[in-house]
Amino acid sequence: MAEEKDVGILAYGAYLPRLRLARKAVAETNAWFNPGLKGLAKGERTMCNWDEDPVTMAVEAARDCLSGRDRGAIASLSFASTTLPFEDRLNAGIVLEALNLAPSVNAQDLTASQRAATSGLVAALQMARGGAGPILMVASEKRRTKSASPLELQTGDGAAALLVGTGPAVAKLVAHASRTVDFVDHYRGEGFEFDYTWEERWIRDEGYNKIVPAALADLFKATDVKPADIAHFAMPCVLPRVAAGIAKKAGMPDTAVRDNLHAVCGETGAAHPLVMLVDALERAKPGDKILVVGFGQGCDALLFEATEHLPKLAPRLGVKGYLARRKEETNYGKFLAFNDLVAIERGMRADVDKQTPLSSLYRNRRMLTGFIGGQCRKCGTLQFPKSKVCVNPNCNAFHSQDDHPFADTPAKVQSYTADRLTYSPDPPHYYGMIVFEQGGRVMIDFTDADAATVDVAAPMRMMFRIKEYDPQRGFTRYFWKAAPAARQGTT
Amino acid sequence: MATGIRDKVAILGMGCSKFGERWDKEADDLMVEAFEEAIADAGIEKNQIEAAWLATAIEEQHVGKSGVPLAVALRLPYIPVTRVENYCASGTEAFRGAVYAVASGAADIALALGVEKLKDTGYGGLPQRGRGALNSMYWPNMSAPGSFAQLAAAYRAKHHKKPEDLKRAMAHISVKSHDNGNRNPKAHLTNKITIETVLEAPTVAEPLGLYDCCGVSDGSACAIVTTPEIAKSLGKKDIIAVKALQLSVSNGTEASHNSWDGSYFATTRVASKRAYKEAGIDKPREQIDLIEVHDCFSVTELVTMEDLYVSPEGGAIKDVLDGFYDADGQIPCQIDGGLKCFGHPIGASGMRMIYEIYLQMQGKAGPRQRQKTPRYGLTHNLGGFPHQNVCSISVIGRHGE
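In order, the protein sequences belong to chains Z and H.
Mapping of the first sequence onto this note's numbering: position 150 corresponds to residue 145, and the numbering continues sequentially without gaps.
Mapping of the second sequence onto this note's numbering: position 37 corresponds to residue 257, and the numbering continues sequentially without gaps.
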C-alpha cells in the first residue's frame, strides 16, 4: 500500500464540443413515436460538430491536460474509446502525431467496454508505479445512437485526459479494486452500427446494484479510508438514483455523490468516468477523497486523495471551461445530418472523390497532423508550410528551416468569407487567411465559426479536426482548423 | 538587355464564338466556330499556320489533355501544337506562346486558340476538382467566389471603407457590365440589371451576391498572329500590334509571408508595371483608352483598377461610382460585357478580351464602338486565388504609333 501512494494524477484536462443539442428539440420530433421520450426532454447534451470525432476530442482534451507542461517527458499514451474511427489503425497514433509526442512513446488503444478508460487508468497507474511513467491517459467517446432512442437523449460527446505518474501529483492514488463479470447490459456486435440494450430494471438490480458494491467492498478492505470520508463519488449511470443508492448503501455522505452532468452534457460513454473525475478534481480541495467508478462487464473503482498541488495546477479549461464554451443547437435535423442518420441531399459538389494519398500523408504527417511549419535560421521568419526555400522575399535562403510548431500559437483573422457555394456539411463554410502572432500565416478552414465570432482581426485558436471523410473507403483525414478564440477562456 | 515584344508582332485575324450555354455543341464545334471567323479575317489558308497553342484549363472536363484536341478539331497539318494551362489566365498564355514564336522568328504565322466547355458539370459555378495530393490535404475547402470574397474584407479593413459603400460600388460594376453586354450579341448574358437586383440577390460567398459573380459558359476565341511585315504584305492597313505581354506568378509570398495584407493582387502590380514599361506607357490613367479586366467577381474588378495604377490606392470606389469606367466614362472597362456577361470558359477568356480590343481598335465593335478610336487597350487575365495566382497583362495598339 505504501507503494501505491507514490503514484497519482499529475495533471488533468477535458474537452466537450461547443454545440449543445436541446433535448426538447429531439423529444418534440420523436415523441409521436415514443411518448416516453418526453420524460427525457430536459436540459441539453453535447454534440460534436460535423468535423469532430473521438480522435479530435482526445487531442483537445490532451492539449488541455498538458497546458503549461513539457510534453517531452511523456513515456506512454493510452487512448480509451468504444467509438474509435478506425478498427485497424492505431487511433492513439494519430493523437500522438497531433500532440507531437516522440515516436519512442508507447501508444495503445483501449476499447470494447464502457470501462475501458478506468481499466486503462488502473493499468497506467500500475505501470507508472513500476517506473514507466508519465503516462497520458485519454478517453473520448461519440456514441452512435438510433434516432428516437432513449440513448440519443442520455448520451453526450466528450473527452477527458489525465497525466499519471510519480512526482508531484494533484491527486494521489489511495486504492483501487476491479471486478470482471460478463454482464451484458448492452452490446454492439461486429459490423453493427448501433447498440442493442436490455431492460433497465434488470441492469439496475443485477448489474450496478450487485457488481459495484462488491468492488467497493474490496476497495475499502484495502485502505484505512472509510466510506464516510469520501468527499466526491464520481460514478456515471444514466439510470436515475442508482449512484446515490449505491453511495448510501456503502455509507458515503449524500453530499459526496457527484452530479453526472446529465443536464448540461449527457453521458460521454467510456470517457464519462474520467470526465466526472475531472469535474470532481475541479471542485476538490486538498485532502478530499475522490472515488471514481467505471462500469461495464464488471467495474473499476479507484480512490484518490487530492493534494496541496491541486490548486497550483496551471490554468486550463477543463470540464468547467468547456461547458462554458457553448452554443445551443435547437435544430435536431442538424444532429441527424451530422451523424449521418438521415439521407440528406448534399448536392453534386459533395461528389468529389476524397481518396487520401497515404504515402503523401505519411511523408507530410508532421505538417498535416502535427501542424509543424518552419523557422528560417538565417532571418528568423516563421512560415507554414515549412519549405526548402525561405518565403521571406528579402531572404529566400535554401535549406535554412527548422521545425516550428504552430498549433498553440494564437492567430488573428486577416480576411475571411462565409461560402455558400462550396460543399460543407454545415453551410456556410467559413475560411480565410489567419496570421500568427509571432509570424507566419495560412489560408485555412475555420471551425465552430459563425457571423457573431468571425471578423477581420478576430482572435483564433487552432484546433485539430476532421478535414475530410471518405465515404467510399471509410477513411477519416484530419488537419488543423482555426476556431474563434474570443470566448474560450484561458488557453 | 531584352528589348521586349513591342511592335514585333501583329494580329492578323481574330475570331470569337458565341459564349453561353451551348448545350448543342461540343468543344470542337466551338473551336471551329472561332477559328473560321479568325481565318477569314486573316485572309490566309489554314496550311500557312506554322505553329499553334491551345489553352484549356480543366481538360478532364471535356477537351482532354495535350495539343491533340486542337490539331484534330481543325485537322492541322502535323504542325507543332502545344497545350498550355495557367489557371484562368490560360487564354493569354496561348496568345503569348504564339506571339513569342513569331517574335523569335521560329514561325511566320502562328495560331492561339482558347476553349472551355464548362456546362457539362451538371451544376452552376466552376467544377470541383483536385488540387494536387498535398494541397488538397491542407488548403481550405474553398470555392472561387469564397477566395475572392476575402478581398472585400481585407480591402474594407485597410482603407476603412463601409461595407455598404463597397457593396454599392461592386453593384455599380455589375450593372455597368450588363449595360455593355446588352449591346453584344456574342455575350452569354445580354439582359440589363439594376443596382437593387444586385444588392438583393442571394449571397454566394459573403459579401458576394449572385450578381457579383461572373457566369459559367462554353466558348472559344482565337488569334492568328504574324510579323507586321507579313501583315503588310497581305494587304493589311492599320496594323494592330502587340505592345506588351507580361506574366507575373505568385511565389508563395502572399500565401505564407506577412508582408501581404490581402487587399490587392501583388502579381497584377508587378505585371502591369512591366507591361507599361514594355509598351512605353508612363501615365496609365491618361494614356490607356480601354480596359478589359478579369472581372470574375465585381470586387476583383474594383481592386484591380488600383493594381493597374489607374485608380489611386483606396480610390477605386469613387472612380467606379463616378462612372469613370462606364461605357461613356474616361476609360471604359468591360465594354464588351466582360466575364460578367460572357461567363468564363476558362481557356477562352483571355483571348476574348484581346478580341474586343482588336475590334475596337479597328472601329468594328458595332453598337458598342467607342467614338474616339482607342490608342492603347489593356487586357488583364487573372488565374488562381488572390493569395496565390498568375496575372497576365497585354497592351494592344496600332503598329508604329
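The beta-carbon is built from N, C-alpha and C at its ideal position, and this holds for glycine as well.
Taking only three categories from DSSP, how would you classify residue i?
i, result
"Q483 of chain Z", "Residue confidence for Q483 of chain Z is low, a pLDDT of 47 falling below 50, so the modelled location carries little weight and cannot support an answer."
"D104 of chain Z", "strand"
"Y529 of chain H", "coil"
"D200 of chain Z", "helix"
"H380 of chain H", "coil"
"N306 of chain H", "strand"
"P606 of chain H", "coil"
"T192 of chain Z", "strand"
"E92 of chain Z", "helix"
"R174 of chain Z", "strand"
"E(-2) of chain Z", "At E(-2) of chain Z the pLDDT is 45, less than 50, meaning the model places this residue with poor confidence and gives no usable figure here."
"F330 of chain Z", "helix"
"T448 of chain Z", "coil"
"G427 of chain Z", "strand"
"V288 of chain Z", "strand"
"H275 of chain H", "Here residue 275 of chain H is Ala; the residue named in the question, His, does not match the sequence. In this structure, A275 of chain H counts as strand in the three-state DSSP scheme."
"I577 of chain H", "helix"
"G620 of chain H", "coil"
"C561 of chain H", "helix"
"R436 of chain Z", "strand"
Quick one, are the C-beta atoms of residue i and residue j less than 8 Å apart?
i, j, result
"A209 of chain Z", "R174 of chain Z", "yes"
"A301 of chain Z", "G316 of chain Z", "no"
"S410 of chain Z", "A374 of chain H", "yes"
"A443 of chain H", "V229 of chain H", "no"
"Q580 of chain H", "D458 of chain H", "no"
"G603 of chain H", "Y307 of chain H", "yes"
"I259 of chain H", "G287 of chain H", "no"
"P129 of chain Z", "L5 of chain Z", "yes"
"K381 of chain Z", "F393 of chain Z", "no"
"A402 of chain Z", "F431 of chain Z", "no"
"V408 of chain Z", "I429 of chain Z", "yes"
"L298 of chain Z", "V169 of chain Z", "yes"
"A143 of chain Z", "L14 of chain Z", "no"
"C260 of chain Z", "L11 of chain Z", "yes"
"D65 of chain Z", "L85 of chain Z", "no"
Leaving out five residues on either side along the sequence, give the residues of the same chain with a beta carbon under 7 Å from the beta carbon of residue i.
i, result
"S397 of chain H", "D515, Q554, G557, G558, K560, C561"
"T487 of chain H", "S468, V469, S470, N609, V610, C611"
"V425 of chain Z", "The sequence given here has Tyr at residue 425 of chain Z, not Val. Closer than 7 Å at Cβ, skipping near neighbours: Y411, A413, F441, A444, V449."
"M390 of chain H", "D432, S518, V519, L522"
Pull up the DSSP beta-bridge partners for residue i, would you.
i, result
"T471 of chain Z", "Z:Y464"
"I450 of chain H", "Per DSSP, none; premise fails for I450 of chain H."
"M234 of chain H", "H:A443"
"P400 of chain Z", "Z:I367"
"V50 of chain Z", "None, per the DSSP bridge assignment."
"D249 of chain Z", "BP columns for D249 of chain Z are empty, so no partner."
"G8 of chain Z", "Z:A156"
"D438 of chain H", "H:G240, H:K337"
"M458 of chain Z", "Z:K476"
"T41 of chain Z", "Z:R15"
"Q466 of chain H", "H:I613"
Keeping to the same chain, check which residues put their C-beta closer than 8 Å to that of residue i; ignore five residues upstream and five downstream.
i, result
"N400 of chain H", "A547, P552, Q554, I555, D556, G557, G558, C561, R588"
"D340 of chain H", "Q281, H282"
"G350 of chain H", "S356"
"T223 of chain H", "none"
"H257 of chain Z", "G38, Q149, V233"
Near residue i, which residues of its chain fall below 6 Å by C-beta distance, leaving aside the five closest residues on each side in sequence?
i, result
"P466 of chain Z", "none"
"T417 of chain Z", "H424"
"A330 of chain H", "A271, A318, A321, V322, V445"
"D348 of chain Z", "none"
- Tell me, please, whether the segment 147 to 164 of chain Z touches the segment 35 to 48 of chain Z by the rule of three or more beta-carbon pairs shorter than 8 Å. The segment 147 to 164 of chain Z, when compared against the segment 35 to 48 of chain Z, does touch it at the 8 Å Cβ threshold.
- Message: Closer than 8 Å is the cut-off here; do at least three beta carbon pairs connect the segment 111 to 127 of chain Z with the segment 46 to 57 of chain Z?
- Response: Too few Cβ pairs lie closer than 8 Å, so no.
- Message: Using 8 Å as the cut-off, can you tell me whether the segment 495 to 513 of chain H makes contact with the segment 589 to 601 of chain H, which would need three or more C-beta pairs spanning the two stretches below that distance?
- Response: The segment 495 to 513 of chain H, when compared against the segment 589 to 601 of chain H, does touch it at the 8 Å Cβ threshold.
- Query: Below 8 Å, can you find three or more Cβ-Cβ pairs linking the segment 529 to 546 of chain H to the segment 358 to 373 of chain H?
  - Reply: Taking a cut-off of 8 Å on C-beta distances, the segment 529 to 546 of chain H does not touch the segment 358 to 373 of chain H, as fewer than three cross pairs fall below it.
- Query: Does the segment 159 to 167 of chain Z come within contact of the segment 89 to 102 of chain Z, defined as at least 3 CB pairs closer than 8 Å?
  - Reply: Not touching, per the Cβ criterion.
- Query: Any contact of the segment 349 to 356 of chain Z with the segment 365 to 372 of chain Z, i.e. 3+ C-beta pairs under 8 Å?
  - Reply: At 8 Å Cβ cutoff, the stretches do not touch.
- Item | Contact between the segment 189 to 196 of chain Z and the segment 321 to 333 of chain Z (3+ Cβ pairs under 8 Å) | Segment contact: the segment 189 to 196 of chain Z against the segment 321 to 333 of chain Z, fewer than three CB-CB distances shorter than 8 Å; contact not assigned.
- Message: Check whether the segment 469 to 480 of chain Z and the segment 231 to 249 of chain H are in contact - that is, three or more C-beta pairs closer than 8 Å.
- Response: The segment 469 to 480 of chain Z, when compared against the segment 231 to 249 of chain H, does not touch it at the 8 Å Cβ threshold.
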